[in-house]
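Visitor: Let me give you the structure first, and then I'll get to my questions.
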Amino acid sequence: MKHLFKRLHTFVDQRNGFFILLVVLFWLKTMFAYYVDFSLGVSGIFQHFILWLNPLATTLLVLGLALYIQQPKLRYFGMMILSAANTALLYFNVIYYRQFTDFMTINTILGYSKVSEGLSGSSLALARPYDVLYWLDLIILVILLLAHLIKIDQRPIQRHLPFAITSVAVLLFSVNLTLGESNRPQLLTRTFDRNYIVKYLGLDAYTVYDAVKTAQNNQTRASANGSDLTNVLAFINQHYAAPDSKMYGIAKGRNVIIIHLESFQQFLIDYKVDGREVTPFLNSLYHSDQTYAFSNFFHQVGQGKTSDAENMLETSVYGLPQGSVFTALGSDNTFQAAPAILAQKAGYSSAVFHGNVGSFWNRDNVYKNMGYQNFFDASYFDTTGDRSEQYGLKDKLLFHDSVKYLEQLQQPFYAKFITVTNHFPFPLDSEDTDFPLPTTDDKAVNNYFATAHYLDQALQEFFTYLKSSGLYDNSMIVLYGDHYGLSNSDNLSLAELLGKSSDTWNDYDNAQLQRVPLMIHIPGQHSGGIQKQYGGEIDVLPTIEHLLGIDNKGYVQFGTDLFSPDHDQVVAFRNTNFVTPTHTVLDGTIYNKNGEEITHPSTALQATVKRQQAKVQNELQLSDTVNNKNLLRFYTPAGFTPVDPENYDYKNDFAKLKLAREKLGNLSTSLYSKNDDQTTSTHYKTDAPELSDSDSSDNSSDNSNDSEANSSQASSQSNQVSTDSTSK
Ligand code: GP9
Ligand code: MN
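Residues in the sequence shown are numbered consecutively from 1421, following the working numbering.
Quick look at the structure:
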């Protein structure tokens, strides 16, 4: 033992030994933070391996900088300072994470961010006794150095050593990046969640990445000028489509319930497997005369997938050509979004219900900029054990467990439910399904039908509740599919199920499968039916506004009301391809309605296509300018007040709603108040097996509170990202 200690001592007394000791200590502290303080959702040996590897490259790189210093004392000082700075970054993130379940951005660190609060005095209350472990090593080393118990090695540093260490660090980082990208493709281009970058590349790399992105954004924003806005406004004014007077205001004053159907494609509607309808409930809605059901409605998302769909629905502005506008720009951009417009123009309250962690797609920040008053994310739900599947709470449970919050919203409300169970690769516990699977060679294709069926059942249960609680009659329910579930490569296996052959399957077929459902269900309105006009996600907001009797003239919205006689039926895809009622144009190739390539288009058609293609390109480019240059900060439509994100935080939303209800007394319009201050969740009927085999059936009772639900947060996070490597 004594011998070992002595050897260690001599090792540390040498500058290389001391350097290695600092690297190892910092690595250990990072591992401690990863496993004890952060919930990174690491699963599988490969992800753990990447996690263990990722602090090494950056620590070598950072501490290695001190080795370039010639003067021995200064060199040691440099190593200690760099190590302390790195520790500070780690530790402040630990504290911040305890409060916000998220990592600090450069803007938070510098205090520039409007949405993500920095560390305040109260954050120090989040310190824990064991935090001393983050600092103890440095304190001990300083003492040992000062007491000369560790000697400063006075020998000059080997000439090539610093450079060798930097090279090794860079090499290690490349290996790390390659492994990360192989496990989570498009890690840096799409930036799903800050969690992901830390998990794969480490905290230092994340901070640098965020700094570079922030600098780029600031530069693009700084280059904004008046003419950018002039072009946008000219397009918007000329493109504006006035409402059809028969439709304008037909849903005025109703609650709006948006149901985001994860990965749900239109072909599922009326589709049967072994003679069994996949989605009998959605089919019945689709064919109801109280539903305006669109049969030629297309998703228009890019890499931002769900977040792009949400962005279009909330703002009628497109996502970005690359990455997600939510994660890339959403923390700081100015939005003129549905929750704020509806609140200001028609007194709506607003809430989002989603069983995944709030940081995914940066929703926790973006929603504040959109003016969402409440956000019930995974922290408000019990997402433990078999209650969750990959991206969070199973859909039946999401609807069921949300009701106790929903009933507290003041009416009219604008409420959005983001489902998750029907997400690639469509896993589902056998207890949740008895649906017969097709038998193609592609497992994802087969499973897709079971999760879609499960979603359908969840919706039926929710609708039954809406009816029995009385919400149904004064609501408008909007259901839409966010994007494809099956990718173009899966489509080759899907082809046979659609009566086509994989041999002749082509781009045109893929494009037609961008159809997703849009159903606007207005109970008591019997003039609905299947709508054949072409449109896309960009058109939903103007349509909803007009149905609610809200004028959208003057707003920077790129879509047009689907019911307007002037509605624009040229539907742009994010990659500048487009579809129209008569033809589809993919990379310049024109297809007719039957999918046949038009090799010799008439001069008239050529001119039309040229004009349409130019419009599509112009529209997308203007939308990109609005996003990238944050143009809406310079323009506020008449009658609109810009959103102040500081007015929102999503902690204790349940308690806050209850308090608001109590304050309003007789004036409270919440369902709970209308129901004589009784919960309506007892009306909820669900066959979810996760509720029957535990005492969680009284989960919906009014007794549970935020802190109770919050206790499940940590576990929900590990559920959330656990299978991200399998997502598309
Ligand atoms: C995650 C969920 C899925 O919270 O919305 O996002 P997606 O992978 O579909 O973009
Ligand atoms: Mn999605």
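Here a beta-carbon is modelled for each residue, glycine too, at the ideal position from N, C-alpha and C. Fair warning: this is a prediction, and the values are worked out from it, not measured in the lab.
With three or more beta-carbon pairs closer than 8 Å as the criterion, would you say the region 1701-1716 touches the region 1939-1955?
Guide: The region 1701-1716 is in contact with the region 1939-1955.
Visitor: Count the other CB atoms within 10 Å of the CB of Y1532; is the residue buried (16 or more) or exposed (fewer)?
Guide: Looking up residue 1532 in the sequence shown gives position 112. Exposed, by the Cβ-count rule.
Visitor: Please give the ranges of any beta strand (DSSP E) in the region 1870-1918, keeping only runs that are unbroken, at least 3 residues long and fully inside the region.
Guide: Fully enclosed beta strand (DSSP E) runs of 3 or longer: 1895-1901.
Visitor: Rounded C-beta distance between V1999 and F1718? I'm assuming under 8 Å.
Guide: Working through the sequence shown from its first residue, we reach residue 1999 at position 579. Working through the sequence shown from its first residue, we reach residue 1718 at position 298. V1999 to F1718, Cβ: 6 Å. Contact.
Visitor: May I have all residues whose beta carbon comes closer than 5 Å to any heavy atom of the ligand GP9, sorted in chain order?
Guide: Per the Cβ criterion, the list is K1725, T1726, N1776, F1780, Y1811.
Visitor: Quick check: what's the CA-CA separation for N1794 versus L1442?
Guide: In the sequence shown, counting from the first residue as 1, residue 1794 sits at position 374. In the sequence shown, counting from the first residue as 1, residue 1442 sits at position 22. Approximately 45 Å between the Cα atoms of the pair.
Visitor: Apart from the five residues just before and just after L1569, which ones in its own chain have a Cβ nearer than 6 Å to its Cβ?
Guide: In the sequence shown, residue 1569 corresponds to position 149, counting from 1. Answer for L1569: no residue qualifies.
Visitor: Verify the CB distance criterion: does L1917 have a CB-CB separation below 8 Å to chain C?
Guide: Any reference to chain C falls outside this structure, which holds one protein chain only.
Visitor: Between the C-alpha atoms of I1761 and F2060, what's the straight-line distance to the nearest angstrom?
Guide: Position 341 of the sequence shown, counted from the first residue, corresponds to residue 1761. Position 640 of the sequence shown, counted from the first residue, corresponds to residue 2060. Approximately 7 Å, taken between the alpha carbons.
Visitor: Which residues mark the beginning and the end of the beta strand (DSSP E) in which L1938 is found?
Guide: Taking the first residue of the sequence shown as 1, we reach residue 1938 at position 518. From DSSP, the beta strand (DSSP E) with L1938 extends over 1938-1941.
Visitor: Just the C-alpha distance for L1607 and H1966, rounded to the nearest angstrom, thanks.
Guide: In the sequence shown, counting from the first residue as 1, residue 1607 sits at position 187. In the sequence shown, counting from the first residue as 1, residue 1966 sits at position 546. C-alpha separation (whole angstroms): 39 Å.
Visitor: Which of the three DSSP states is assigned to Q1828 in this structure?
Guide: Mapped onto the sequence shown, residue 1828 falls at position 408. Coil.
Visitor: Compute every distance between the C-beta of H1873 and the non-hydrogen atoms of the ligand MN, then say whether any falls below 7 Å.
Guide: Counting from one through the sequence shown, the residue named residue 1873 turns up at place 453. The answer is no for H1873.
Visitor: DSSP on G1498, reduced to helix/strand/coil?
Guide: Residue numbering aside, residue 1498 sits at position 78 when the sequence shown is read from its first letter. In the structure shown, G1498 sits in a helix (DSSP, three-state: H, G or I).
Visitor: Nearest-angstrom Cα distance between N2125 and A1798?
Guide: Working through the sequence shown from its first residue, we reach residue 2125 at position 705. Working through the sequence shown from its first residue, we reach residue 1798 at position 378. The predicted position of N2125 is uncertain, since its pLDDT is 36 and thus under 50; a value taken from the coordinates is nonetheless stated next. Straight-line Cα distance between these residues: approximately 14 Å.
Visitor: Under the three-state reduction of DSSP, which class applies to S1643: helix, strand or coil?
Guide: Sequence index remark: in the sequence shown, residue 1643 carries index 223 (1-based). Three-state result, S1643: coil.
Visitor: Would you say the region 2003-2020 touches the region 2076-2096, given that touching needs at least three Cβ pairs under 8 Å?
Guide: The region 2003-2020 is not in contact with the region 2076-2096.
Visitor: What's the call for P1937, buried or exposed, on a 16-neighbour Cβ count within 10 Å?
Guide: Here residue 1937 refers to the residue found at position 517 when the sequence shown is read from its first residue. P1937 comes out buried.
Visitor: Using the beta-carbon count (16 or more within 10 Å), is M1499 buried or exposed?
Guide: One-based indexing of the sequence shown puts residue 1499 at position 79. By the 10 Å Cβ count, M1499 comes out buried.
Visitor: Under 6 Å Cβ to Cβ from N1474, same chain only, skipping five residues before and after it: list those, please.
Guide: Within the sequence shown, the letter at position 54 stands for residue 1474. Within the same chain, N1474 has close Cβ partners N1596, L1621, G1622.
Visitor: To which residues of the same chain is D1986 closer than 6 Å at the C-beta, ignoring the five residues directly before and after it?
Guide: The residue labelled residue 1986 in the question sits at position 566 within the sequence shown. Closer than 6 Å at the Cβ level, and outside the excluded window around D1986, lie A1661.
Visitor: Check whether the Cβ of D1902 sits closer than 7 Å to any heavy atom of the ligand MN, and report yes or no.
Guide: To locate residue 1902, count along the sequence shown from 1; it is residue 482. Yes - the ligand MN has a heavy atom lying nearer than 7 Å to the Cβ of D1902.
Visitor: State the DSSP-derived secondary structure class of Q1951, mapped to helix, strand or coil.
Guide: Numbered from 1 along the sequence shown, position 531 holds the residue referred to as residue 1951. Q1951 falls in the strand class under three-state DSSP.
Visitor: Where does the unbroken alpha helix (DSSP H) through I1559 begin, and where does it stop?
Guide: Here residue 1559 refers to the residue found at position 139 when the sequence shown is read from its first residue. First-last of the alpha helix (DSSP H) with I1559: 1552-1566.
Visitor: Give the DSSP bridge partners of K1449, in chain order.
Guide: For the purposes of this step, residue 1449 is taken as the residue at position 29 of the sequence shown. The partner list for K1449 (beta bridge, DSSP) is empty, contrary to what the question assumes.
Visitor: Please classify Q1434: is it buried, with 16 or more other beta-carbons within 10 angstroms of its beta-carbon, or exposed?
Guide: Here the question's residue 1434 lines up with position 14 in the sequence shown. Per the 10 Å Cβ criterion, exposed.
Visitor: Should N2038 go down as buried or exposed, given a rule of 16 or more other Cβ atoms within 10 Å for buried?
Guide: Residue numbering aside, residue 2038 sits at position 618 when the sequence shown is read from its first letter. With fewer than 16 other Cβ atoms within 10 Å, it is exposed.
Visitor: What are the start and end residues of each continuous alpha helix (DSSP H) run of 4 or more residues lying completely inside the region 1784-1871, in chain order?
Guide: Complete alpha helix (DSSP H) runs here, min 4: 1815-1826.
Visitor: Can the beta-carbon of T1634 be found less than 8 Å from the beta-carbon of Q1723?
Guide: As a first step, residue 1634 is located in the sequence shown; it is residue number 214 there, counting from the start. As a first step, residue 1723 is located in the sequence shown; it is residue number 303 there, counting from the start. Their beta carbons are not under 8 Å apart, which means T1634 does not touch Q1723 by this criterion.
Visitor: Rounded to a whole number of angstroms, what is the C-alpha to C-alpha distance between F1439 and G1484?
Guide: Position 19 of the sequence shown, counting from 1, holds the residue named residue 1439. Position 64 of the sequence shown, counting from 1, holds the residue named residue 1484. Cα-Cα distance, rounded: 8 Å.
Visitor: Quick check on this structure: which residue in L1914, F1466, L1886 has the alpha carbon closest to the alpha carbon of N1867?
Guide: Here residue 1867 refers to the residue found at position 447 when the sequence shown is read from its first residue. It is L1914 whose Cα lies nearest to the Cα of N1867.
Visitor: Need the endpoints of the alpha helix (DSSP H) that Y2092 sits in, please.
Guide: For this step, residue 2092 is matched to residue 672 along the sequence shown. Element bounds for Y2092: 2091-2094.
Visitor: Can you name the start and end residues of the alpha helix (DSSP H) that H1966 belongs to?
Guide: By one-based count along the sequence shown, residue 1966 stands at place 546. From DSSP, the alpha helix (DSSP H) with H1966 extends over 1960-1967.
Visitor: Check the C-beta distance from N1716 over to Y1954 and give it rounded, since I have them as a contact under 8 Å.
Guide: As a first step, residue 1716 must be located in the sequence shown, where it is residue number 296. As a first step, residue 1954 must be located in the sequence shown, where it is residue number 534. Confirmed, about 5 Å.
Visitor: Just to confirm, are F2054 and L1649 a CB contact at a threshold of 8 Å?
Guide: Taking the first residue of the sequence shown as 1, we reach residue 2054 at position 634. Taking the first residue of the sequence shown as 1, we reach residue 1649 at position 229. For F2054 and L1649, yes; Cβs fall inside 8 Å.
Visitor: Between which residues of its own chain and R1641 is the CB-CB distance below 8 Å, once the five residues before and five after are set aside?
Guide: Position 221 of the sequence shown holds residue 1641. If we look at R1641 and ignore the five residues flanking it on each side, its Cβ neighbours are N2048, K2049, N2050.
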